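Here's the structure we're looking at; comments come further down.
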Amino acid sequence: MSARRLKLVYFAWVRERVGRPEEDVDVPEGVDTVADLVRWLKSRGEEYDYAFENEGVVRAAVDHLHVKPEASLGEAREVAFFPPMTGG
Amino acid sequence: MSARRLKLVYFAWVRERVGRPEEDVDVPEGVDTVADLVRWLKSRGEEYDYAFENEGVVRAAVDHLHVKPEASLGEAREVAFFPPMTGG
Amino acid sequence: MTPTIRIQADDFSAADEIAALGQGRADIGAVVTFTGLCRDEGGRLAALELEHYPGMAEAELGRVADEAARRWPLHGLTVIHRYGRIPPGANIVLVATASAHRIAAFEAASFLMDYLKTRAPFWKREHLADGTVGGWVAATAADDERAAGWG
Amino acid sequence: MTPTIRIQADDFSAADEIAALGQGRADIGAVVTFTGLCRDEGGRLAALELEHYPGMAEAELGRVADEAARRWPLHGLTVIHRYGRIPPGANIVLVATASAHRIAAFEAASFLMDYLKTRAPFWKREHLADGTVGGWVAATAADDERAAGWG
């Protein structure tokens, strides 16, 4: 298996901590779940360490659907990370 | 003690059964509660018998306040009888 | 906070009442409105006729409104109830509540409708599509139970 | 029944949405609206700024609306959520539900707000009265609990 390309998008203070609203990344083999993806991102630089310093807080969505950390990335094209929502 | 004068008002099917929307009555001594008043009215004619044939159903208000049958007439000026309410 | 209570034959505008509640205020975070309308019951009805007890209707809606204001922190409260002949699709009743927070606004509006249904002196009679006058609408035990549920 | 879902920067009119829900129908007995507005928090705020996730916001509100329509017999359902900078006193969100009966309309509107608060991808940031940009509003555990309470 080869690396896969994913679009990552960030919102609110997760976006501010990562320092960009979105990016395309080539994810290596072995990154199968959302939790794997977070772990891999944290190895890439301190801005990710900062954004995900409290992993239980940051929420994720895969292709516009809320998911839990153990969710498989499957055929995902877009993964979003954001704080708990405060709309309404 | 002398007889007291009361204004009686009727609504919806209670009004239709009594055959008038309101009337002034001179209530004799011994009629102290709403239940007493209903009993006395039923002795006055079959239209009242018909209106109050199922006493538990007809509601009463004394001077614009909901009351139970055992409520004292006290210094009441206006007593209303009506079916359970269906507004809203 | 002084509740607005109106008993009227004329129609009302929920929009105008919402606007009046919020006017010039920046401490309201939530407005809930309930509008009750006349249904045609699958074409069976030509109209509902609402009879009311003038004087007591205003007094009782005022008491129900005061009770809601005592239970929840409301910035505004409006209750409007129509009487007379009301055709299908037309408004019958409006309850509007304004508060800093949504739970208070929702609960107070729901309480007002439950209480109003069992305590406000109004009675509905059906006018049928064939032109005849139908019967008086019967009260439901479910409404009594909901009102009692507020304690 | 097709829910109306809109995500927009522009303001909305609760009145227009109520009118649209009931238009030409005689089977609606109850319309409930919830309007969420920006508070100034005792003069502390100049505005709230709402960030959202385009695409997912529409999708998630659609899912929440479909769930409400599955749980209650609704004749109409509208959800409008604004984004961008919103000054005190201005509208943020509207939920409107129409049903034959009041309980369904009340419960569905309350459910929609509870679900929307915890699932719709919107984030509020404070802009302070002194001209500075404040912090992101924190989510509350109470909102999570209310949403979970619907099962």
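Protein chains in written order, with this note's numbering: chain A, 1 to 88; chain B, 1001 to 1088; chain C, 2001 to 2151; chain D, 3001 to 3151. Each residue gets a CB set at the ideal place from its N, CA and C atoms; glycine is no exception. Values in this document were obtained by computation on a predicted structure and should not be read as measured data.
From residue i to residue j, what does the alpha carbon distance come to, in whole angstroms?
i       : j       : result
C/K2124 : C/D2114 : 16 Å
C/T2035 : D/V3031 : 5 Å
D/A3019 : B/V1027 : 53 Å
D/D3010 : C/G2029 : 18 Å
A/P84   : D/L3112 : 17 Å
D/C3038 : C/W2150 : 30 Å
D/D3143 : D/L3116 : 10 Å
A/L30   : A/L73   : According to the sequence shown, residue 30 of chain A is Gly rather than Leu. Their Cα atoms are separated by approximately 11 Å.
A/H64   : D/I3086 : 25 Å
C/D2066 : A/E47   : 55 Å
B/E1075 : C/R2146 : 33 Å
A/L8    : D/P3054 : 14 Å
B/F1011 : B/P1021 : 7 Å
C/G2135 : C/R2070 : 37 Å
C/T2002 : D/A3059 : 42 Å
B/A1003 : C/R2119 : 31 Å
D/A3148 : D/H3127 : 31 Å
D/D3040 : D/T3097 : 28 Å
B/Y1050 : A/G88   : 56 Å
C/H2052 : B/T1086 : 10 Å
C/E2017 : C/A2105 : 15 Å
B/D1032 : B/A1061 : 15 Å
B/R1077 : B/L1006 : 5 Å
D/G3084 : A/E16   : 17 Å
C/F2122 : C/G2042 : 24 Å
A/E23   : C/R2025 : 43 Å
A/R39   : D/R3102 : 49 Å
C/A2141 : A/P69   : 49 Å
D/A3047 : A/F82   : 22 Å
Just to confirm, are residue i and residue j a CB contact at a threshold of 8 Å?
i       : j       : result
D/L3074 : D/A3068 : yes
C/A1996 : D/A3015 : Here chain C covers residues 2001 to 2151 and nothing more, so residue 1996 of chain C does not appear.
B/V1034 : B/A1071 : yes
A/L37   : A/F52   : no
D/S3099 : D/W3072 : yes
D/T3033 : D/V3093 : no
In terms of alpha-carbon separation, which member of the options lies closest to residue i?
i       : options                               : result
A/H111  : D/A3057, D/A3065, D/E3049 and D/R3071 : With chain A covering only 1 through 88, there is no way to say anything about residue 111 of chain A.
B/V1014 : B/K1068, B/G1045 and B/A1080          : B/A1080
C/G2022 : D/G3024, D/D3027, D/G3084 and D/G3089 : D/G3089
D/I3080 : D/D3040, D/L3128, D/A3141 and D/V3064 : D/V3064
D/A3129 : D/A3015, D/N3091 and D/R3044          : D/R3044
B/R1044 : B/V1018, B/A1003 and B/L1073          : B/V1018
C/E2107 : C/L2077, C/G2024 and C/L2048          : C/L2077
D/D3027 : C/N2091, C/S2110 and C/V2133          : C/N2091
D/F3012 : D/R3082, D/G3131, D/R3102 and D/H3127 : D/R3082
D/T3132 : D/G3042, D/E3049, D/P3003 and D/E3017 : D/E3049
Checklist line | Length-filtered (3 minimum) beta strand (DSSP E) runs lying within the region 3048-3128 of chain D | finding: 3074-3082, 3084-3086, 3091-3099 and 3122-3128
Check: Between the region 2001-2008 of chain C and the region 1056-1072 of chain B, do three or more beta carbon pairs fall short of 8 Å?
Finding: no
Checklist line | Segments of 4+ residues assigned as alpha helix (DSSP H) that fall wholly inside the region 31-68 of chain A | finding: 34-42 and 46-51
Next item on the list: Could you pull out every unbroken alpha helix (DSSP H) segment of at least 4 residues lying fully inside the region 2012-2053 of chain C, listed in chain order?
Entry: 2014-2022
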